[in-house]
Structures are given as C-alpha cells and as structure tokens.
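Single-structure report; data block below.
Numbering (our numbering), first residue to last: 76 to 154.
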C-alpha cells in the first residue's frame with residue numbers, strides 16, 4: 076500500500092509553448108540600448124516617443140489581423 080501517486084516528469088508541449096512566450100517577453104528589452112544609440116539626439120522624451128510609436132504600430136497591426144480574421148471567418152470561429 077503505497078500512498079505515492081505516479082510521477083510525471085518532463086516538460087509538456089504546453090509548458091514549452093508558454094515558456095517561449097515568457098522568454099520572448101523579456102528578451103526584447105535589451106534592444107532599447109541599440110535604439111537609443113541610433114537616435115540622432117537621444118533624450119528621455121524621444122525614447123518615450125519611439126516606444127509609444129512602436130507599441131502603437133504593433134497594436135494597429137494586431138487589430139488589422141484580428142479584424143481581418145473576423146471578416147474572413149465570422150461566426151465560424153470556435154471559442
């Protein structure tokens with residue numbers, strides 16, 4: 076009568092997928108130094124504008140893809 080259950084080891088495909096998203100979320104932060112060095116007159120305000128513009132462009136692209144997917148597939152998309 077052993078009270079210990081089975082031990083499942085090793086990463087699952089879901090774990091690897093989540094880990095890759097987590098790592099990617101932090102690896103892009105190191106690029107800010109290269110971006111600051113490329114600015115003609117780097118300042119905190121200009122760096123903030125570059126960051127805001129990049130987030131805005133990313134948001135716009137995500138929205139275009141999302142709306143495009145909705146227009147193509149409509150209600151046939153399963154939750």
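Glycine included, every Cβ here is placed at the ideal spot set by N, Cα and C. Since the structure is predicted, the reported quantities are computational estimates derived from the model, not experimental observations.
At which residues does the alpha helix (DSSP H) containing residue i begin and terminate?
{"i": "residue 129", "result": "119-148"}
{"i": "residue 115", "result": "Where residue 115 is concerned, there is no enclosing alpha helix (DSSP H), given that its DSSP letter is neither H nor E."}
{"i": "residue 89", "result": "88-102"}
Please return the same chain residues whose Cβ sits closer than 8 Å to the Cβ of residue i, not counting the five positions on each side in sequence.
{"i": "residue 110", "result": "122, 125"}
{"i": "residue 90", "result": "none"}
Per DSSP, what kind of secondary structure is residue i in: helix, strand or coil?
{"i": "residue 151", "result": "helix"}
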